[in-house]
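Using our numbering, you'd call the opening residue of the sequence shown number 652 and step up by one each time.
Backbone N, C-alpha and C fix where the C-beta goes; we use that ideal spot for every residue, glycine too.
Nothing here was measured: the structure is a model prediction, and the numbers come from that model.
Contents: one structure, followed by commentary.
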Amino acid sequence: MTDTVNRRWLLAKHPEGMPDASCFTLETTPVPVPGPGEILVKARYLSVDPYMRGRIGRSKSYAKGVEIGEVIRGGAVGEVVASNHPAWAPGDIAETMGFGWQEFAVLAPGGSGPDGVRKVDPALAPIESSLSWLGMPGLTAYFGLLDVGRPRPGDTVVVSAASGAVGQIVGQLAKAAGCRVVAIAGSPEKLAWCEELGFDVGIDHRATADLCAALREACPNGVDVFFDNTGGPIHDAVMKNLALHARVVICGRIAVSSQPGPDIGQRFNGHVLVARATVSGFLVFDWWHRHAEAVTRLAALQKAGKLRFREDVLDGIERMPEAFLRLLTGANLGKQLVRVG
Ligand SMILES: NC(=O)c1ccc[n+]([C@@H]2O[C@H](COP(=O)([O-])OP(=O)(O)OC[C@H]3O[C@@H](n4cnc5c(N)ncnc54)[C@H](OP(=O)(O)O)[C@@H]3O)[C@@H](O)[C@H]2O)c1
Numbered sequence: 652m653t654d655t656v657n658r659r660w661l662l663a664k665h666p667e668g669m670p671d672a673s674c675f676t677l678e679t680t681p682v683p684v685p686g687p688g689e690i691l692v693k694a695r696y697l698s699v700d701p702y703m704r705g706r707i708g709r710s711k712s713y714a715k716g717v718e719i720g721e722v723i724r725g726g727a728v729g730e731v732v733a734s735n736h737p738a739w740a741p742g743d744i745a746e747t748m749g750f751g752w753q754e755f756a757v758l759a760p761g762g763s764g765p766d767g768v769r770k771v772d773p774a775l776a777p778i779e780s781s782l783s784w785l786g787m788p789g790l791t792a793y794f795g796l797l798d799v800g801r802p803r804p805g806d807t808v809v810v811s812a813a814s815g816a817v818g819q820i821v822g823q824l825a826k827a828a829g830c831r832v833v834a835i836a837g838s839p840e841k842l843a844w845c846e847e848l849g850f851d852v853g854i855d856h857r858a859t860a861d862l863c864a865a866l867r868e869a870c871p872n873g874v875d876v877f878f879d880n881t882g883g884p885i886h887d888a889v890m891k892n893l894a895l896h897a898r899v900v901i902c903g904r905i906a907v908s909s910q911p912g913p914d915i916g917q918r919f920n921g922h923v924l925v926a927r928a929t930v931s932g933f934l935v936f937d938w939w940h941r942h943a944e945a946v947t948r949l950a951a952l953q954k955a956g957k958l959r960f961r962e963d964v965l966d967g968i969e970r971m972p973e974a975f976l977r978l979l980t981g982a983n984l985g986k987q988l989v990r991v992g
């Protein structure tokens, strides 16, 4: 191996409100050396995900946050360049959510959770798919929609951030389940992609003055399944349009994650009561033990031509903060990745 330095992003300060470049510092260190039973992996693609906003903030969440001076946590897929583990050899491809925003990481294979190290089969799909439709976002869509949303043929399914990493899979799984899909996304270009995927109706939330009225028109029989990727005003508008026995999957709250102060929205207990709706918080990590099932099913759908996917790739580790901020401003179209090797 000829590389001698590792570049990595550290947290410089906890953001108050919308993060900016001053929250991150790029540091250069020697490439780490693997110990007994460990492997050294050189990243090819780093994953950029909205949950990182929660990890670098100060608010309490489901996982421990990043402290100032620590490497920002995050997933990656890369190539093994040195191995002290009998089951791994140089050239193998590894994926884990426990890599961090850096070019090299020493990993300890084993472990079945999100931070476990998985071997990627490059023959199945391009390796970056393990961070997108065959990885965490794909699993989120698969279990969130099918197990929690429980779509039935003929249902109207509304999905927000519909062209994004999770949203585009949710909509296609809902179409495969025989549902009518209403996509909410933030630009005409994003909605054109949703239309190409076969979603039935598109609503541009940035260009629609009365979202509630637009949804009423798009969903004359109400919303049977709401896959909520954003929270905020979109959530408020959809909740007023629930059908009887609707299922609401609370997957993400990116619209309010950088909002200073508490998220003061509207009150929905009346709408939930009248519709006798079920509102469920959803976290993909609770379904991680079924990782193999989701990968097998998603790969089969893709092979059958029923699953398409867009990725949005920037080049160079120095662009990680920029890539991350694209998610928070809606500049990405599809799964945001950074290619580093
Ligand atoms: N619960 C879980 O286990 C789990 C797992 C994975 C992801 N998630 C959540 O799922 C959501 C989608 O994640 P992803 O990885 O697929 O990201 P993504 O949709 O590819 O990218 C984020 C998108 O969020 C939308 N957005 C950003 N700010 C917004 C705002 N103020 N108002 C409305 N929309 C806004 C933008 O889309 P538009 O321009 O189309 O609005 C942006 O492109 C996130 O909230 C994430 O935290 C949850």
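Residues bridged to residue i [DSSP beta-bridge criterion]
i, result
"I987", "The sequence given here places Gln at residue 987; Ile does not occur at that position. DSSP output for Q987 lists D963 as bridge partner(s)."
"Q753", "R659"
"S734", "I690"
"L758", "I690"
"E746", "V728 and R769"
"P681", "V656"
"D879", "I901"
"Y696", "V728 and R990"
"T676", "L661"
"V722", "L661"
"V874", "L893"
Cβ distance (whole Å) where residue i is taken to contact residue j below 8 Å
i, j, result
"M748", "P737", "No, M748 and P737 are not in contact; Cβ-Cβ is about 24 Å, not under 8 Å."
"V717", "R709", "That belief does not hold up - the Cβ atoms of V717 and R709 are roughly 11 Å apart, past 8 Å."
"G751", "R659", "7 Å"
"I835", "V810", "7 Å"
"V935", "M787", "6 Å"
"L785", "L949", "6 Å"
"R990", "N983", "Incorrect: roughly 14 Å between the Cβ atoms, too far for contact."
"H856", "L862", "6 Å"
"G818", "A812", "5 Å"
"P670", "I707", "7 Å"
"V684", "D654", "Not a contact, Cβ separation roughly 12 Å."
"V889", "L866", "6 Å"
"P777", "N735", "Not confirmed; about 28 Å, so no contact."
Beta-carbon gap between residue i and residue j smaller than 8 Å
i, j, result
"A869", "I854", "yes"
"V821", "S931", "no"
"P873", "L842", "Note that residue 873 is Gly in the sequence shown here, rather than Pro. Cβ distance not < 8 Å, so G873 and L842 don't count as in contact."
"D887", "Q917", "yes"
"I901", "F850", "no"
"V852", "V876", "no"
"V722", "E746", "no"
"A727", "L697", "yes"
"E730", "I744", "yes"
"V899", "A945", "no"
"L758", "E846", "no"
"F960", "S781", "no"
"H896", "A926", "yes"
"A906", "P884", "yes"
"G903", "P760", "no"
"G678", "L661", "The sequence as given places Glu at residue 678; Gly does not occur at that position. Yes, the pair counts as a contact, with Cβ atoms nearer than the cut-off."
"D963", "G992", "no"
"G805", "G829", "yes"
"L797", "L824", "yes"
"G705", "S908", "yes"
"P911", "E667", "yes"
"Q953", "A974", "no"
"K957", "H922", "no"
"G837", "G981", "yes"
"V656", "K693", "no"
Beta strand (DSSP E) runs wholly inside the region 800-854, at least 3 long, in chain order:
807-810 and 831-836
Where are the alpha helix (DSSP H) runs, 4 residues long or more, that stay fully inside the region 888-974, in chain order?
920-926 and 942-954
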